[in-house]
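Q: Residues in the sequence shown are numbered from 308 upward in steps of one, following our numbering. Ideal Cβ placement from N, Cα and C applies to all residues, glycine included. Please read all numbers here as calculations on a predicted model, not as lab measurements. Let me begin by handing over the structure; questions about it come next.
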Amino acid sequence: MTPALDLPGYRHLYSGKVRDLYVPLNAAGEDDPDRLLLAASDRISAYDAILDPAIPDKGEILNRLSLWWFDQLADLLPNHVLTTDVPDAVAGRAILVRRLDMVPVECVARAYLTGGGLGEYAATGAVSGLPLPAGLVDGSRLPEPIFTPSSKAPAGEHDEPITYADVVALVGPGRAAELRELTVEILRRGNAIAAERGILLADTKVEFGLDAGGALVLADEVLTPDSSRFWPADEWVPGRAQASFDKQFVRDWLTSPASGWSKSSGDAPPPLPAEVVEQTRARYVEAYERLTGARFVPLASAR
Ligand SMILES: Nc1ncnc(-c2cnn(Cc3cccc(F)c3)c2)c1Cl
């Protein structure tokens, strides 16, 4: 993986698959205790691999979408965003945020059953310890969105489902109830807006932190195609794998004979053809423009 960008005045802390975390340095070169810089890269991940090449503008599109959702949710709870005034090298695709005491729970809500949740349901009739009605299939819409938390696995490992009781043990009953209510409400509101615009949000993962006063703050990114499954509403057919709004071109090419690759090979996926890169970029632009009602104009070109 290409090493994270060197940002003068910042120290690189950590890189996830598609995002990089930095801390601002003060004049003495020490870490700022109160702020972080969250940069969304143009990297795209599929089949648990980081694909080649990056998708131009993906980081900026998803960062701008996340900022738009933070605004839509600002009446529900505060968020960690401080400013979009960031170095030119990451202009448009990074934000300075308040450093929080992060809640040690991956807060996942599901409005539709698929992926790991479907697997758990098939094996146990429940997801994260929550029994579900019988007869659900891949893509079934759930009667109400459900809270299906996971543990925060070490880097590179998969998060493990945990039960609501585990969350209570971790953060106490009051905070656990707050996390569940807020996570479910964020997905519910997301779907209320997205469904009108032809996109179904099957599930989402949000992260919360506590500020110095102990108040719960929405952190990380919110309701992006990296933190949530985006499905085209007009292609939804329960009982089969649903099309991904943003990653279907990638999946179709990688699993076609044209790629010469097989996901069971264990080999790294081959580089994506320019056509697939451009089609994928167009899907991110379309998701942004449908949801926000605004045109996506890359900041770099607008400067
Ligand atoms: N406001 C905050 N305060 C304290 N910590 C965080 C925090 C730490 N890790 N992550 C997730 C992550 C991992 C890799 C790259 C990323 F850009 C983001 C978020 C935040 Cl957002």
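By DSSP's criteria, residue 590 is part of a beta bridge. Which residues make up the other side?
A: The residue you call residue 590 lines up with position 283 of the sequence shown. Per DSSP, none; premise fails for residue 590.
Q: Assuming contact is defined by CB atoms lying nearer than 8 Å, are residue 478 and residue 412 in contact in what I supplied?
A: Numbered from 1 along the sequence shown, position 171 holds the residue referred to as residue 478. Numbered from 1 along the sequence shown, position 105 holds the residue referred to as residue 412. Yes, the Cβ-Cβ distance between residue 478 and residue 412 is below 8 Å.
Q: Taking C-beta to C-beta, are residue 526 and residue 330 nearer than 8 Å?
A: Mapped onto the sequence shown, residue 526 falls at position 219. Mapped onto the sequence shown, residue 330 falls at position 23. Cβ atoms of residue 526 and residue 330: not closer than 8 Å.
Q: Could you say which of 594, 576, 402 and 597 lies nearest to residue 352 if we only look at CA atoms?
A: If you number the sequence shown from 1, residue 352 lands on position 45. Nearest of 594, 576, 402 and 597 to residue 352, Cα basis: 576.
Q: With a threshold of 7 Å, establish whether the CB of residue 366 neighbours any heavy atom of ligand 1.
A: As a working mapping, residue 366 is identified with position 59 in the sequence shown. No, ligand 1 has no heavy atom inside 7 Å of this Cβ.
Q: Please report the residue range of the beta strand (DSSP E) in which residue 537 lies.
A: Here residue 537 refers to the residue found at position 230 when the sequence shown is read from its first residue. That run of the beta strand (DSSP E) goes 535–539.
Q: Can you round the beta-carbon distance between residue 388 and residue 372 to whole angstroms, since I take them to be within the 8 Å contact cut?
A: The count along the sequence shown starts at 1 and reaches residue 388 at position 81. The count along the sequence shown starts at 1 and reaches residue 372 at position 65. Incorrect: roughly 13 Å between the Cβ atoms, too far for contact.
Q: Could you tell me the alpha carbon to alpha carbon distance between residue 339 and residue 317, rounded to whole angstroms?
A: Within the sequence shown, residue 339 is the residue found at index 32, counting from 1. Within the sequence shown, residue 317 is the residue found at index 10, counting from 1. Using only the alpha carbons, I get a separation of about 9 Å.
Q: On the DSSP letters alone, give me the boundaries of the beta strand (DSSP E) that residue 426 sits inside.
A: Position 119 of the sequence shown, counted from the first residue, corresponds to residue 426. Careful: residue 426 lies outside any beta strand (DSSP E), inside the alpha helix (DSSP H) at 422–431.
Q: Where does residue 514 sit, in a helix, a strand or coil, going by DSSP?
A: If you number the sequence shown from 1, residue 514 lands on position 207. Note: residue 514 maps to strand in three-state DSSP.
Q: Please go through the region 551–575 and give each complete alpha helix (DSSP H) segment of 4 or more residues, from N-terminal end onward.
A: Counting only runs of 4 or more, we get 555–561.
Q: Can you determine whether any heavy atom of ligand 1 sits closer than 7 Å to the C-beta of residue 321, and answer yes or no?
A: In the sequence shown, the residue the question calls residue 321 occupies position 14. At least one heavy atom of ligand 1 is nearer than 7 Å to the Cβ of residue 321, so yes.
Q: Taking 8 Å as the cut-off, decide whether the C-beta atoms of residue 606 and residue 356 are in contact.
A: Position 299 of the sequence shown, counting from 1, holds the residue named residue 606. Position 49 of the sequence shown, counting from 1, holds the residue named residue 356. No; because the gap between Cβ atoms is not below 8 Å, this pair is not in contact.
Q: Between residue 465 and ligand 1, is there a pair consisting of the residue's CB and a ligand heavy atom that are separated by less than 7 Å?
A: Looking up residue 465 in the sequence shown gives position 158. No, Cβ of residue 465 sits at least 7 Å from all heavy atoms of ligand 1.
Q: Scan the region 430–479 and note each continuous alpha helix (DSSP H) run of 4 residues or more that stays entirely inside, going in chain order.
A: Counting only runs of 4 or more, we get 471–478.
Q: Could you give the distance in angstroms between the alpha-carbon of residue 368 and the alpha-carbon of residue 383?
A: For the purposes of this step, residue 368 is taken as residue 61 along the sequence shown, with counting starting at 1. For the purposes of this step, residue 383 is taken as residue 76 along the sequence shown, with counting starting at 1. Using only the alpha carbons, I get a separation of about 24 Å.
Q: Throw me the rounded Cβ distance for the residue 474 and residue 493 pair, which I believe falls under 8 Å.
A: Walking along the sequence shown from the start, residue 474 turns up at place 167. Walking along the sequence shown from the start, residue 493 turns up at place 186. Going by Cβ atoms, the distance from residue 474 to residue 493 rounds to 16 Å, so no, they are not a contact pair.
Q: With 16 other CB atoms within 10 Å as the buried threshold, where does residue 346 fall?
A: For the purposes of this step, residue 346 is taken as the residue at position 39 of the sequence shown. Residue 346 comes out buried.
Q: Beta-carbon within less than 6 Å of residue 491's beta-carbon, same chain only, minus the 5 sequence neighbours each way: which residues are those?
A: As a position in the sequence shown, residue 491 is number 184, starting the count at 1. These residues qualify, in order along the chain: 416, 452 and 454.
Q: How about residue 359 and residue 578: do their beta carbons lie closer than 8 Å?
A: Stepping through the sequence shown from its first residue, residue 359 is reached at position 52. Stepping through the sequence shown from its first residue, residue 578 is reached at position 271. Going by C-beta atoms, residue 359 is nearer than 8 Å to residue 578.
Q: Would you say residue 499 reaches chain B, if we count a Cβ-Cβ gap shorter than 8 Å as a contact?
A: Absence of chain B from the displayed structure is noted, only one protein chain being present.
Q: Quick one: measure Cβ to Cβ for residue 515 and residue 532, integer angstroms, because I've assumed they're closer than 8 Å.
A: Locating residue 515 in the sequence shown gives position 208, where the first residue counts as 1. Locating residue 532 in the sequence shown gives position 225, where the first residue counts as 1. Contact flag wrong, Cβ pair sits at about 21 Å.
Q: Closer than 8 Å by C-beta to residue 441: which residues in its own chain qualify, once you throw out the five before and the five after it? Chain order, please.
A: Start at 1 with the first residue of the sequence shown, and residue 441 comes out as number 134. Correct list, in chain order: 432.
Q: Taking the alpha carbon of residue 287 as the reference point, which residue from 402, 444 and 395 has its own alpha carbon closest?
A: What is shown of the chain runs 308 to 610, which leaves residue 287 out entirely.
Q: Does the beta-carbon of residue 404, which I'm using as the reference point, lie nearer than 7 Å to any heavy atom of ligand 1?
A: Numbered from 1 along the sequence shown, position 97 holds the residue referred to as residue 404. Yes, since a heavy atom of ligand 1 falls inside the 7 Å radius drawn around the Cβ of residue 404.
Q: Since I believe residue 341 is in contact with residue 517 (beta carbons under 8 Å), could you give me their beta-carbon distance rounded to a whole number of angstroms?
A: In the sequence shown, counting from the first residue as 1, residue 517 sits at position 210. In the sequence shown, counting from the first residue as 1, residue 341 sits at position 34. About 14 Å; that fails the 8 Å criterion.
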